[in-house]
Amino acid sequence: MSKSKRILHIDLDAFFCAVEEQRDPSLKGKPFAVGGSPEKRGVVASCSYPARKFGVHSAMPMARAVQLCPPLIIVRSHYQAYREASKKVMDLLKQLTPQIEQISIDEAFIDISQIPETSDRIASNLQSKIGSKLGLPCSIGIAANMLVAKMATNYGKYRIRDSDLPPNAIHIVPSGMEISFLAPLPVHALWGVGPKTATRLAEMKIEKIGDLAKVPQGILIEHFGKMGYVLAQRAQGIDERSITTEHVAKSVSQERTFAKDIREKDPLLETIQSLSDHLSRRLTKKHVQGTTIKIKLRWPDFTTITRQVTLNQPTNNGQKIYDTAKKLFLAEWNPGQAVRLIGVGVTGLGPEQLYLWDYQYRKLDLEAEKRLNTAIVNLREKFGDDALQWGEKFKKD
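The sequence shown begins at 96 in the numbering used here and counts up one residue at a time.
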């Protein structure tokens, strides 16, 4: 890795909660969570630091969060406000350098290699500016690559985890110190190591990243396949990736969790139709198509499965997405089987292509299909999803 390369990772602390505190200052210092209703199977999207002391965390069922923290205040999500605040942060980062890769609504990498100031000055000035101008707390990590920079941020936040206040942490790993920084950390802290991988590593008596770094690469590949090579590289603090300023989405998906388990076929298919139409609108607006359609199903016991199929030709047509997702669903679902969640996704995205489409007894060239699809999208946006329905929906299955 380059000795002169410096990557800054920034993570907005409890971002949704910070924005909600701006909307309602009375929330400051109180245990609250942003997310859905516990009665409707809502989940915690974000939670304040006082709530975290009770064991509440993101992605937890809201009903469980209320059990752990009886005084918990539940706040409905305001995603438009989060998007606006995120844009202000990213605009401020661009004043520092255009070499920015935003990886989520509240997280980004910045290549600061060409900035003459010291790393600690850059970090403290940036943190102060975001706090004073936007009123948002953030934590920052700086290292010679993206992997270690992100882990530096996480490490800094972990060290200040017991406060009722946001960590506002800054941690810098000097170039050449990557291995010594990573070695004492638990393997589950390594970016990309999930619970299953961590469990398998524990079975191999590998608990620290330093232990992982000592395992021959060949043995890791034998146990984990291609992921073994990745683990070997990351345990050594090696990451050759560069900042990507243009991020192109490779997939889109939409899912719905039901307030009550659904067993009837018609409402389940209607949900798949609605999700498919929504994805079609998103793809059409971006002038992209996908080659692979997939579904996600979750049963009442939280068992989750995904199935997918690759098409002969890419599409962004809502009816084609629905037809394919429907077949995948019916191949897995048994009549009367309860469903907790359904998701539909399209992957392998690329620009719209020129091809002929065989569409129930007639062919439409790309331009005609695009006009039809765009007209449907526009009508549904103006008059609602029920403004137009495909005739097949009313046929008996």
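Backbone N, C-alpha and C fix where the C-beta goes; we use that ideal spot for every residue, glycine too. Predicted, not measured: the structure shown is a model, and the values here were computed from it.
Among residues of its own chain, excluding the 5 on either side of A180, which ones have a beta-carbon nearer than 6 Å to its beta-carbon?
-> Closer than 6 Å at Cβ, skipping near neighbours: V114.
Under the three-state reduction of DSSP, which class applies to T410: helix, strand or coil?
-> Reduced to three states, the DSSP call for T410 is strand.
Count the other C-beta atoms from every protein chain shown that fall within 10 angstroms of the C-beta of Q197, then say buried if there are 16 or more, exposed otherwise.
-> Its Cβ being crowded by 16 or more others within 10 Å, Q197 is buried.
Cβ-Cβ separation, P126 to F562 (assumed contact under 8 Å), whole Å = The question about residue 562 has no answer, for the chain in this structure spans 96 to 492.
Should the stretch 302 to 319 be called in touch with the stretch 273 to 293, which here means at least 3 C-beta pairs below 8 Å?
-> A contact exists between the stretch 302 to 319 and the stretch 273 to 293.
Could you tell me whether the Cβ of G137 comes closer than 8 Å to any Cβ of chain B?
-> This model lacks chain B altogether; it includes just one protein chain.
Cα-Cα separation between K381 and D108, rounded to whole angstroms = Looking at the two C-alpha atoms, the distance is approximately 31 Å.
Using DSSP with H/G/I as helix, E/B as strand and the rest coil, what is H266?
-> Assignment of H266 by DSSP, reduced to helix, strand and coil, places it in the strand class.
Name the two residues that bound the continuous beta strand (DSSP E) containing C233.
-> Secondary structure note for C233: its beta strand (DSSP E) is the uninterrupted segment 233 to 238.
Given that a residue counts as buried once 16 or more other Cβ atoms are within 10 Å of its Cβ, and exposed if not, what is S275?
-> Exposed is the call here.
Beta-carbon contacts of G81 that lie in its chain and below 6 Å, excluding the five residues immediately before and after = Only positions 96 to 492 of the chain appear in the structure, and residue 81 is not among them; the question remains open.
Helix, strand or coil for A128, going by three-state DSSP, please let me know.
-> Taken through DSSP and simplified to helix, strand or coil, A128 comes out as strand.
How far does the alpha helix (DSSP H) with D361 in it reach, from first residue to last?
-> Residues 360 to 381.
When the Cα atoms are used, what is the spatial distance from N220 to V383?
-> Between N220 and V383, the alpha-carbon positions lie close to 40 Å from each other.
Three CB pairs or more closer than 8 Å across the stretch 255 to 269 and the stretch 292 to 303 = With the cut-off at 8 Å, the stretch 255 to 269 and the stretch 292 to 303 do not touch.
G385 (DSSP reduced to helix, strand or coil) | When secondary structure is reduced to three states using DSSP, G385 falls in the strand class.
What do you reckon, are the CB atoms on R393 and E427 nearer than 8 Å?
-> Cβ distance not < 8 Å, so R393 and E427 don't count as in contact.
So Q190 is in the beta strand (DSSP E); what residue range does that whole segment cover?
-> Following the DSSP letters along the chain, one finds Q190 in no beta strand (DSSP E), marked with neither H nor E.
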